[in-house]
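Going by our numbering, the sequence shown runs without a break in its numbering and finishes at 186.
Note sheet for the following structure.
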Amino acid sequence: MNDSGGVARNWAWPRKARGHEGTARALVGGAPQAEYTVEFDGRPLRAVSGQSVAAVLWSAGILAWRRTRSAGAPRGAFCGIGSCFDCLVTVNGAPNQRACLVPARPGDRITTQEGTGHAR
Numbered sequence: 067m068n069d070s071g072g073v074a075r076n077w078a079w080p081r082k083a084r085g086h087e088g089t090a091r092a093l094v095g096g097a098p099q100a101e102y103t104v105e106f107d108g109r110p111l112r113a114v115s116g117q118s119v120a121a122v123l124w125s126a127g128i129l130a131w132r133r134t135r136s137a138g139a140p141r142g143a144f145c146g147i148g149s150c151f152d153c154l155v156t157v158n159g160a161p162n163q164r165a166c167l168v169p170a171r172p173g174d175r176i177t178t179q180e181g182t183g184h185a186r
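The following block contains the structure:
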């Protein structure tokens with residue numbers, strides 16, 4: 067126990083990587099990954115190896131990439147673990163892909179999904 071009655075913790079922050087102080091990568095000791103480009107609605111986006119499509123979109127500041135069938139309300143990632151279907155997106159012409167589960171690949175063409183994602 068410590069002075070405040072809580073459990074004492076015996077740990078220290080890892081050594082900070084030069085130029086990456088305070089980043090998640092520095093905290094876990096990660097190394098830079100390969101970078102490549104994907105396309106979202108015709109716009110090139112930077113992606114890093116291992117990112118999901120949702121992570122690539124979030125990194126670019128894109129928070130909504132689908133519209134609901136009835137009201138056309140914007141949707142993006144909600145649960146982030148593949149349980150819901152709010153993050154549906156079209157990847158390389160295949161509709162209804164859960165952006166939080168699909169790994170981004172070099173050259174992917176990602177488009178906003180409207181309604182069911184299928185032609186009427």
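Don't be surprised by glycine CBs; every beta carbon is placed ideally from N, CA and C.
The model shown is predicted, which means the values in this text are computed figures rather than measured ones.
Per DSSP, which one or two residues make a beta bridge with I176? F106 and V157
Option nearest A120 by Cα separation, candidates G173, E180 and V157 = V157
query = Mind checking R171: buried by the 16 CB within 10 Å criterion, or exposed?
reply = exposed
Worksheet item: The alpha helix (DSSP H) with A121 in it runs from where to where?
Response: V119 to S125
Residues that L167 bridges to, as DSSP identifies them = L167 is not bridged to any residue.
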